[in-house]
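Here the structure comes first, spelled out in structure tokens, and everything after it is commentary.
Numbering (my numbering), first residue to last: 358 to 801.
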């Protein structure tokens, strides 16, 4: 009997690994030789279950080709990506190894499909009602002319980063000068830090005021779309903070059936615009203050930690559905609601070297709604806020039949988790303002 083989690209989540193991897959890992996954969770819960770990230099197509020299796989092998920054490399590896998967996502398609500027161009061409005004900028002048035409508030963000990294809102001209200069100065550094192997781009767009949601969807090889239920996302900016980290996401959406269908229809339009097949998407949407759904972005991957919440709230096996999508088998989505679920996520408030995460092991397990948690960084790593392009440090999965209990635990867990950082004061000077008008101090 032919072995079923799945290879994760660049990063593995424990929840994803477990499902593939239950389905009797032999699991491999193409580890990033330049930025290897090495958290304690990886060493303890993932590494022992891997059949092989093979280092890949993801820095360029040439380095990927060189890393794979002499490497052969059966054409039915599945490549699994859980991070946007490895998406293009995944397509290239499938092409190099001659996998069937390469027919579903050609390299040239993968090169553009996760770029937010490219996405909005396709939305304008196909379904202009689902997008907002936008523009690619290279200098402050481009941002200024956009603001003169569309007014404030507006958003400045990189074209190829996700999870709110380096995203800034501008409510007036002073903030526009400060934030555009900062993003243009930092974008190349953050792309390199996050291993995004693309030419750095920055876009500016009209801010969408409203409640944010997200939807994971399965698209078969014929383009038929099956949606999971709409997930509510609480963004830190909605709570009065200055950044756009996902404070927590959760089920149910609390939308009316009619409005939920409108959101799903909008997501379908976004997916059809991109013409992707045989894959999974994670689409972020905002329902505006005028009650109109607008697309924020489309990610060609499952949503982070979505599998755990879907299992708790709807008894839907999300990762198995992902496997079935990749192998052209039917998916099963259940819509009977069972319990409330949420995934709070945590970033360090200041930049610096992580000393420890207090309360992660022990105290949070006592919460009535606690299911599991994960740590994503190791002591000694440089961490910081999402506005400066840093990744989250940890997360938790909570679920309970009683919504009030879940809400209480969401408040308590914020008090329990304490991300302790060692930092020092240095002078940061805006290179686009060498006279020092906007020079300021920041922690590092």
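Glycine included, every Cβ here is placed at the ideal spot set by N, Cα and C.
Remember, predicted model here, so these are calculated numbers, not experimental data.
Subject >> residue 562 versus residue 473 - alpha carbon distance >> reply: Within the chain shown, the letter at position 205 stands for residue 562. Within the chain shown, the letter at position 116 stands for residue 473. Near 11 Å, if we compare the C-alpha coordinates of residue 473 and residue 562.
**OP:** Please state if the CB of residue 636 and the CB of residue 582 are separated by a distance shorter than 7 Å.
**Re:** Within the chain shown, numbered from 1, the residue matching residue 582 stands at position 225. Within the chain shown, numbered from 1, the residue matching residue 636 stands at position 279. Taking 7 Å as the Cβ cut-off, residue 582 and residue 636 do not qualify as a contacting pair.
Original post:
Where does residue 506 land, buried or exposed, given buried means 16+ other C-beta within 10 angstroms?
Top reply: Residue mapping note: residue 506 aligns to position 149 of the chain shown, counting from 1. Residue 506 comes out exposed.
Subject >> Residue of 462, 425, 494 minimising C-alpha distance to residue 438 >> reply: Looking up residue 438 in the chain shown gives position 81. Comparing Cα positions, the closest option is 462.
Original post:
Is it right to say residue 386 is buried, meaning 16 or more other beta carbons lie within 10 angstroms of its own, or is it exposed?
Top reply: As a first step, residue 386 must be located in the chain shown, where it is residue number 29. Residue 386 is buried by the Cβ-count criterion.
Subject >> Where residue 428 falls, given that 16 or more other Cβ within 10 Å makes a residue buried >> reply: By 1-based counting over the chain shown, the position of residue 428 is 71. Under this definition residue 428 is an exposed residue.
Original post:
Any chance the segment 441-456 sits against the segment 612-628, with 3 or more Cβ pairs inside 8 Å?
Top reply: no
**OP:** Using a Cβ-Cβ cut-off of 7 Å, state whether residue 686 counts as contacting chain D.
**Re:** The structure shown contains no chain D, having only a single protein chain.
**OP:** Taking residue 422 as part of the beta strand (DSSP E), name the residues at either end of that continuous run.
**Re:** Residue mapping note: residue 422 aligns to position 65 of the chain shown, counting from 1. From DSSP, residue 422 is part of no beta strand (DSSP E) but of the alpha helix (DSSP H) over 418-424.
**OP:** Verify whether the separation of the beta carbon atoms of residue 734 and residue 704 is less than 7 Å.
**Re:** To locate residue 734, count along the chain shown from 1; it is residue 377. To locate residue 704, count along the chain shown from 1; it is residue 347. Not in contact: residue 734 and residue 704 (Cβ atoms no closer than 7 Å).
**OP:** Please check the pair residue 434 and residue 456, which I expect to be a contact at CB under 8 Å, by giving their CB distance rounded to whole angstroms.
**Re:** Within the chain shown, residue 434 is the residue found at index 77, counting from 1. Within the chain shown, residue 456 is the residue found at index 99, counting from 1. Their Cβ separation, rounded to whole angstroms, is 6 Å, which keeps residue 434 and residue 456 in contact under 8 Å.
**OP:** Keeping to the same chain, check which residues put their C-beta closer than 6 Å to that of residue 664; ignore five residues upstream and five downstream.
**Re:** In the chain shown, residue 664 corresponds to position 307, counting from 1. Excluding sequence neighbours, residue 664 sits near 372, 675, 676.
Subject >> Spatially closest choice to residue 541 from 565, 362, 553, 513, by CA coordinates >> reply: In the chain shown, residue 541 corresponds to position 184, counting from 1. Comparing Cα-Cα distances from residue 541 to each of 565, 362, 553, 513, the minimum goes to 513.
Original post:
Quick one: any contact between the segment 565-574 and the segment 529-537, if contact means 3 or more CB pairs under 8 Å?
Top reply: no
Subject >> First through last residue of the alpha helix (DSSP H) which encompasses residue 451 >> reply: Your numbering for residue 451 matches position 94 in the chain shown. That run of the alpha helix (DSSP H) goes 444-453.
Original post:
Based on the DSSP secondary-structure assignment, which residues constitute the bridge partners of residue 757?
Top reply: Taking the chain shown and counting its residues from 1, one reaches residue 757 at position 400. Paired residues: 697.
Subject >> Selection from 423, 694, 469, 367 that minimises the alpha carbon distance to residue 556 >> reply: As a working mapping, residue 556 is identified with position 199 in the chain shown. Nearest C-alpha to residue 556: 469.
Original post:
Given a threshold of 16 other Cβ atoms within 10 Å of its Cβ, counted over all protein chains shown, does residue 363 qualify as buried or as exposed?
Top reply: For this step, residue 363 is matched to residue 6 along the chain shown. By the 10 Å Cβ count, residue 363 comes out buried.
Original post:
Pick from 728, 714, 779, 458: whose alpha carbon is nearest that of residue 772?
Top reply: One-based indexing of the chain shown puts residue 772 at position 415. It is 714.
**OP:** Starting from residue 549, trace the alpha helix (DSSP H) both ways and give me its first and last residue.
**Re:** Working through the chain shown from its first residue, we reach residue 549 at position 192. Segment 530-550, the alpha helix (DSSP H) holding residue 549.
Subject >> For residue 678 and residue 459, the rounded distance between their alpha carbons >> reply: Along the chain shown, one-based indexing puts residue 459 at 102. Along the chain shown, one-based indexing puts residue 678 at 321. Those two C-alpha atoms are separated by around 20 Å.
Original post:
Residues bridged to residue 747 by DSSP?
Top reply: Position 390 of the chain shown, counted from the first residue, corresponds to residue 747. The partner list for residue 747 (beta bridge, DSSP) is empty, contrary to what the question assumes.
**OP:** Using 10 angstroms around the beta-carbon of residue 640, count the other beta-carbons present and answer buried if the total reaches 16, otherwise exposed.
**Re:** By 1-based counting over the chain shown, the position of residue 640 is 283. It is buried - the Cβ of residue 640 has at least 16 other Cβ atoms within 10 Å.
Original post:
Per DSSP, which one or two residues make a beta bridge with residue 436?
Top reply: For the purposes of this step, residue 436 is taken as the residue at position 79 of the chain shown. Beta-bridge pairing links residue 436 to 364.
**OP:** Enumerate in chain order the residues of its own chain whose CB-to-CB distance from residue 579 is below 8 Å, with the five nearest sequence positions on each side excluded.
**Re:** By 1-based counting over the chain shown, the position of residue 579 is 222. 634, listed in sequence order.
Original post:
Smallest Cα separation from residue 638: which of 401, 471, 379, 419?
Top reply: Here residue 638 refers to the residue found at position 281 of the chain shown. Checking every option, the nearest Cα to that of residue 638 belongs to 471.
**OP:** Measure from the alpha carbon of residue 609 to the alpha carbon of each residue in 659, 539, 670, then state which is nearest.
**Re:** Along the chain shown, read from residue 1 onward, the residue named residue 609 stands at position 252. Cα-wise, what sits closest to residue 609 is 670.
Original post:
Is there contact between the segment 643-661 and the segment 681-694, where contact requires at least three CB pairs shorter than 8 Å?
Top reply: no
Subject >> Counted within 10 angstroms of its Cβ, other Cβ atoms place residue 783 as buried (16 or more) or exposed >> reply: Taking the first residue of the chain shown as position 1, residue 783 is located at position 426. No answer about residue 783 holds up, because its pLDDT of 45 lies below 50 and its placement is not dependable.
**OP:** Please list, in chain order, all residues of the same chain as residue 775 whose beta carbon is under 8 Å from its beta carbon, the five residues on each side excluded.
**Re:** On the chain shown, position 418 is the one that residue 775 refers to. Answer for residue 775: 714, 715, 716, listed in chain order.
Original post:
Whose CA, out of 692, 756, 769, 480, lies closest to the CA of residue 720?
Top reply: Counting from one through the chain shown, the residue named residue 720 turns up at place 363. Of the listed residues, the one whose Cα sits closest to residue 720 is 769.
Subject >> Nearest to residue 710 (by Cα), restricted to the options 559, 643, 779 >> reply: As a working mapping, residue 710 is identified with position 353 in the chain shown. Checking every option, the nearest Cα to that of residue 710 belongs to 779.
Original post:
Alpha carbon to alpha carbon, how far is residue 793 from residue 405?
Top reply: For the purposes of this step, residue 793 is taken as residue 436 along the chain shown, with counting starting at 1. For the purposes of this step, residue 405 is taken as residue 48 along the chain shown, with counting starting at 1. Reliability fails at residue 793, whose pLDDT of 37 lies under 50, so the model's placement of it is uncertain and the value that follows must be treated cautiously. Answer to the nearest angstrom: the Cα atoms are 53 Å apart.
Original post:
Under a three-way DSSP split, which group does residue 656 fall into?
Top reply: Here residue 656 is taken as the residue at index 299 of the chain shown, counted from 1. If DSSP states are grouped into helix, strand and coil, residue 656 belongs with the strands.
Original post:
Does DSSP put residue 737 in a helix, in a strand, or in coil?
Top reply: Taking the first residue of the chain shown as position 1, residue 737 is located at position 380. The answer is coil: DSSP assigns residue 737 none of H, G, I, E or B.
Original post:
In its own chain, which residues sit with a C-beta less than 6 Å from the C-beta of residue 569, not counting the 5 before and 5 after it?
Top reply: As a first step, residue 569 is located in the chain shown; it is residue number 212 there, counting from the start. Same-chain partners within the cutoff: 590, 592, 643.
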